[in-house]
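For reference, the structure is listed below as structure tokens.
Chains as they are written, first to last, in the numbering used here: chain D, 1 to 260; chain S, 1001 to 1148.
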């Protein structure tokens, strides 16, 4: 991937899958709206989904992605978009709920079985997702992986895929928007969340002083602050939603939680 | 239940508030504190990370607890403020003595003689704790209308 700036045509080709994902979501919403016993899929969810896909796209295609290969600061902005903001927006768009209401009943049932499988249960456990997410970042920045990523297209793609998927799993394991087969208590999730947030903050400050080899002092310092404060900002939204759901479920005189 | 919740809501919000003021005023506006000091010990880095994460969560969580108390008509403002001062003071004292001094996280300000800064920092923390405890005691004595 190094040396090749790709060019506009190449970038546009890479953007096609992202556009398809947006169109697929909108299509699913419109198709499922035709069902007489279903409520209309809310408009704001299309918006969240589209912006979310856009954030992920900006991080991997185009000028920011090109700059990220040589500039640690741009790299960090990209990672915030790909690993935190895009996952948050996509989770809030409830894609699994949309999928289940769009699929024919038999397929939806199979999907539900899959969501209840022990594999999904392990991979979406808050502790697992925290380790995949924050642990993955520690491995990326404190080993040779950061350099390997810039020298091999395969590693580059895999790392970015991991950052996104781990970010998505982490977000969906902390705030329940889509149906969740195995729920963990608010307190449990909050405690795990604080550990993950601490791991993120500690790594940010650690990188300030000991960045990956070849990253200049100036870029390392700014980059680590982008990671620290940018992460805080997005995590504040996550904390707010988690606490709001907790607050609603603890409503007096209501036995059932306000949230599905 | 109301008494404990008022205290906890206050303490959590107080810790968050102290950390928030620390971050906005001393790190961002005055720029007295350093983001990262070369003398920071590993344990200092870890302690700072956990306190930062906890306080960030506590600011938001404490306010939701406050809203919950209001919703249930269990809010006792004297007790709540007692908790806020106790939480903020404790955090500031921990920050000022353990983190700044023992763990070398960073100093309050990078001047020749930092002792006056340390004194004001830690004494104001002690005053907050004492005021907080006083308010809590008064609330208990008065049998504050926490079950109103």
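By construction, the Cβ of each residue, glycine as well, lies at the ideal position given by its N, Cα and C atoms.
Worksheet item: Which of the residues in the stretch 176-194 of chain D, read from start to end, lie with their CB under 8 Å from any CB of chain S?
Response: Listed in sequence order: 190, 193, 194.
Worksheet item: Does the separation of the CB atoms of residue 1020 (chain S) and residue 1051 (chain S) fall below 9 Å?
Response: Remark: C-beta atoms of residue 1020 (chain S) and residue 1051 (chain S) do not approach each other more closely than 9 Å.
Discussion item. Please tell me whether residue 225 (chain D) has its Cβ less than 9 Å away from any Cβ of chain S.
Written reply: Interface residue, yes.
Practice prompt. For chain S, find out if any of its Cβ atoms is closer than 9 Å to the Cβ of residue 213 (chain D); answer yes or no.
Written response: No, residue 213 (chain D) lies away from the interface with chain S (no Cβ there is under 9 Å from its Cβ).
Worksheet item: Is the CB of residue 1095 (chain S) under 9 Å away from at least one CB in chain D?
Response: It does not; no Cβ of chain D falls within 9 Å.
Fill in: Cα-Cα separation between residue 1141 (chain S) and residue 1025 (chain S), rounded to whole angstroms
Taking the CA atoms as reference points, residue 1141 (chain S) sits about 36 Å from residue 1025 (chain S).
Discussion item. For residue 133 (chain D) and residue 196 (chain D), which I take to be in contact (beta-carbon distance under 8 Å), what is that distance rounded to the nearest angstrom?
Written reply: The beta carbons of residue 133 (chain D) and residue 196 (chain D) sit about 7 Å from each other, so the pair counts as a contact at 8 Å.
Discussion item. On a Cα-Cα basis, can you pick out the residue from D:166, D:54, D:171, D:24 that is closest to residue 261 (chain D)?
Written reply: Since the displayed chain D opens at 1 and closes at 260, residue 261 (chain D) lies outside it and no answer follows.
Worksheet item: Taking the alpha-carbon positions, what's the residue 181 (chain D) to residue 113 (chain D) distance?
Response: CA-to-CA, the gap between residue 181 (chain D) and residue 113 (chain D) works out to about 9 Å.
Worksheet item: What did DSSP end up calling residue 50 (chain D) once you bin it into helix, strand or coil?
Response: It is helical.
Discussion item. Counting only Cβ-Cβ distances shorter than 9 Å, please list the residues of the stretch 24-53 of chain D near chain C, keeping chain order.
Written reply: Given the protein chain composition of this structure (D and S), no chain C is represented.
Discussion item. Please list, in chain order, the chain D residues whose beta carbon lies closer than 8 Å to that of residue 1057 (chain S).
Written reply: Within 8 Å of the CB of residue 1057 (chain S), the CB atoms of chain D belong to 190, 193, 194, 197, 239, in sequence order along the chain.
Worksheet entry | Cβ of residue 201 (chain D) within 9 Å of any chain S Cβ | Between residue 201 (chain D) and chain S, the shortest Cβ-Cβ separation is below 9 Å.
Fill in: Closest by C-alpha distance to residue 1115 (chain S), when choosing among S:1096, S:1127, S:1073
The residue with the shortest Cα to Cα distance from residue 1115 (chain S) is S:1096.
Item to complete: Check each residue of the stretch 132-166 of chain D: if its Cβ is closer than 7 Å to any Cβ of chain S, include it; give the result in chain order.
Response: Answer in chain order: no residues at all.
Discussion item. Under DSSP, the alpha helix (DSSP H) around residue 199 (chain D) begins and ends at which residues?
Written reply: Element bounds for residue 199 (chain D): 186-209.
Practice prompt. May I ask which residues mark the beginning and end of the alpha helix (DSSP H) holding residue 223 (chain D)?
Written response: For residue 223 (chain D), the enclosing alpha helix (DSSP H) stretches over residues 217-249.
Worksheet item: Helix, strand or coil: which one does DSSP assign to residue 41 (chain D)?
Response: In the structure shown, residue 41 (chain D) sits in coil (DSSP, three-state: anything other than H, G, I, E or B).
Worksheet item: In the structure shown, what three-state DSSP assignment does residue 1035 (chain S) receive?
Response: Of the three classes helix, strand and coil, the one that applies to residue 1035 (chain S) here is coil, per DSSP.
Item to complete: Starting from the beta carbon of residue 109 (chain D), find every residue of chain S whose beta carbon is closer than 7 Å, and list them in chain order.
Response: Contact annotation for residue 109 (chain D) against chain S: no contact, minimum CB-CB distance about 37 Å [criterion: below 7 Å].
Worksheet item: Taking buried to mean at least 16 other C-beta atoms within 10 Å of its own C-beta, is residue 1033 (chain S) buried or exposed?
Response: Sixteen is the threshold: when 16 or more other Cβ atoms of the shown chains lie within 10 Å of the Cβ of residue 1033 (chain S), as they do, the residue is buried.
Worksheet item: Among D:104, D:70, D:207, which one has its Cα closest to the Cα of residue 151 (chain D)?
Response: Nearest to residue 151 (chain D) by C-alpha distance, out of D:104, D:70, D:207, is D:70.
Worksheet entry | Classification of residue 234 (chain D) by the beta-carbon crowding that lies within 10 angstroms, buried from 16 upward | So residue 234 (chain D) ends up on the buried side.
Worksheet entry | residue 1132 (chain S) versus S:1084, S:1104, S:1030, S:1054, residue with shortest Cα-Cα distance | Among S:1084, S:1104, S:1030, S:1054, the Cα nearest to that of residue 1132 (chain S) is on S:1084.
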